[in-house]
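The numbering used here applies: residue 2 is where the sequence shown begins, and numbers increase by one.
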Amino acid sequence: MSTHTGRRPGDGDLPPEPGRTASSASAPDTGTTPAEREPVGSPRRFWSARRVPAVIVALLCLAVVGLLLYDVVSVRAGRPAMGWRRRLADELATRPLDDVWIIVGAAVALVLGLCLVVLAVTPGLRSLLPMRRPPGSRGTSEVRAGLDRRAVALLLRDRAMRVSGVESARVDVGRRKIKARAQVHFRDLDEVRADLDTALSEAVASLGLARRPSLTVHVRRPKKG
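Right, dumping it as structure tokens:
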């Protein structure tokens with residue numbers, strides 16, 4: 002069992018220190034204390050641009066408004082109104098509010114409106130985990146870093162496979178929880194679980210995530226036969 006990615010990272014894929022990028026990992030130590038290396042605040046989640054929904058809504062509004070404007074101009078020029086507008090006006094004037102089609106249309110409009118509101122107020126991009134900002138990053142809020150959840154899952158799986166006794170492993174990475182499952186073909190289960198918990202906890206800590214997910218480790222023997 003493995004994560005759904007085809008690339009296997011090397012041994013050096015983990016950042017050597019929480020909150021430090023690869024470019025700064027090789028820089029000499031400046032003598033700062035661990036307290037001074039603490040991140041300055043926690044960055045917010047990445048927000049999606051929502052380009053596709055925005056384009057769809059803009060095109061629909063443009064089509065409806067353009068057609069309505071054309072019909073209004075035609076009426077002002079002395080031509081009769083389009084049949085669809087006359088029929089719509091008659092239906093709205095004669096149908097009662099408890100009519101089935103009125104209720105269905107209002108429900109559809111309500112659902113579409115709620116979907117647009119949800120898209121407007123939620124960040125999206127759930128596959129990206131924001132990283133902590135290093136010290137001295139005030140005033141550079143436009144520079145942000147994040148890790149893809151699938152890449153994190155693959156990296157943690159490879160770290161789990163290095164633990165002695167692990168035959169196969171699967172890691173599921175969420176925004177708040179990480180679940181690791183491993184099959185053990187030798188050694189005591191409790192010992193392997195303890196080693197896995199230690200190895201994966203260190204790996205998660207070294208990623209420098211803004212919000213460190215909780216880690217859950219499950220180990221079991223492979224099924225016989």
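Think of the CB as a built atom: it goes at the ideal place given N, C-alpha and C, for glycine as much as any other residue.
Here the structure is a predicted model, which is why all the values come from computation and not from measurement.
Practice item. Take VAL58 as the anchor and find which of PRO97, PHE47, VAL118, PRO81 has the nearest alpha-carbon. Key: Nearest option by C-alpha distance: VAL118.
Review point. What residue from LEU190, ARG86, VAL172 has the CA that sits closest to VAL205's CA?
Key: Residue VAL172 is the option with its Cα nearest to VAL205.
Check your understanding: Cα-Cα, which of ARG182, LEU197, LEU190 is closest to HIS219?
Key -> Closest option to HIS219, Cα to Cα, is ARG182.
Exercise for review: Locate the alpha helix (DSSP H) running through VAL174, then write down its first and last residues.
Suggested key: First-last for VAL174: 167-174, but that is the beta strand (DSSP E), not the alpha helix (DSSP H).
Check your understanding: Could you give the uninterrupted runs of the alpha helix (DSSP H) lying entirely in the segment 60-103, keeping only those of 4 residues or more?
Key -> With a minimum length of 4 residues, the continuous alpha helix (DSSP H) runs that stay inside the segment 60-103 are 84-95.
Check your understanding: For the alpha helix (DSSP H) that contains ARG127, what are its first and last residues?
Key -> From DSSP, ARG127 is part of no alpha helix (DSSP H); its letter is neither H nor E.
Review point. Do the CB positions of SER128 and ARG150 come within less than 9 Å of each other?
Key: Closer than 9 Å, so yes.
Review point. Along the chain, which unbroken stretches of the alpha helix (DSSP H) at least 4 residues long are found entirely within the segment 189-222?
Key: DSSP runs (the alpha helix (DSSP H)) wholly in the segment 189-222: 190-207.
Review point. CA-CA distance, VAL167 and ALA195?
Key: If you draw a straight line from the Cα of VAL167 to the Cα of ALA195, it comes to about 12 Å.
**Study point:** Inter-residue Cα distance where the pair is GLY209 and LEU70
**Key:** GLY209 and LEU70 have their C-alpha atoms some 55 Å from each other.
Check your understanding: Which value, in whole angstroms, describes the spacing of the CA atoms of VAL109 and ASP159?
Key -> Distance from the CA of VAL109 to the CA of ASP159, rounded to the nearest whole angstrom, comes to 47 Å.
Practice item. Output the distance between the C-alpha atoms of LEU126 and TRP48, rounded to the nearest integer angstrom. Key: C-alpha separation (whole angstroms): 6 Å.
Exercise for review: Work out the CA separation of LEU130 and ARG176 for me, nearest whole Å.
Suggested key: If I take the Cα positions, the gap works out to 7 Å.
Review point. Looking at ALA82 and SER75, is the spacing between their C-beta atoms short of 9 Å?
Key: Cβ atoms of SER75 and ALA82: closer than 9 Å.
**Study point:** Cβ separation of VAL185 and ARG222, assumed to be a contact under 8 Å, to the nearest whole Å
**Key:** Sure, about 6 Å apart at Cβ, within 8 Å.
Review point. In angstroms, rounded to a whole number, what distance separates the CA positions of ARG96 and GLY106?
Key: C-alpha of ARG96 to C-alpha of GLY106: approximately 13 Å in a straight line.
Point to revise | Backbone secondary structure at VAL185 - three-state DSSP | key: In the structure shown, VAL185 sits in a strand (DSSP, three-state: E or B).
Point to revise | Element boundaries [alpha helix (DSSP H), containing ARG158] | key: ARG158 -> alpha helix (DSSP H) spans 150-162.
Practice item. Report, in whole angstroms, the separation of the C-beta atoms of ALA200 and VAL164, which I expect to be a contact under 8 Å. Key: Contact check for ALA200 and VAL164: beta-carbon distance about 6 Å, within the 8 Å limit, so the pair qualifies.
Check your understanding: Where does GLU92 land, buried or exposed, given buried means 16+ other C-beta within 10 angstroms?
Key -> Using a 10 angstroms sphere on the CB of GLU92, the tally of other CB atoms stays under 16, which defines it as exposed.
Review point. Taking GLY147 as the reference, which of ARG134, VAL66, ARG188 has the closest Cα?
Key: The closest CA to that of GLY147, considering only ARG134, VAL66, ARG188, is found on ARG134.
Check your understanding: Tell me which same chain residues have a C-beta within less than 8 Å of the C-beta of ALA161, skipping the five on either side of it?
Key -> Cβ within range, chain order: VAL167, ALA170, VAL172, ALA181, ALA183, LEU197, ALA200, LEU201.
Exercise for review: Please name the residue or residues paired with LYS180 in a DSSP beta bridge.
Suggested key: Answer by DSSP bridge pairing, in chain order: ASP173, THR217.
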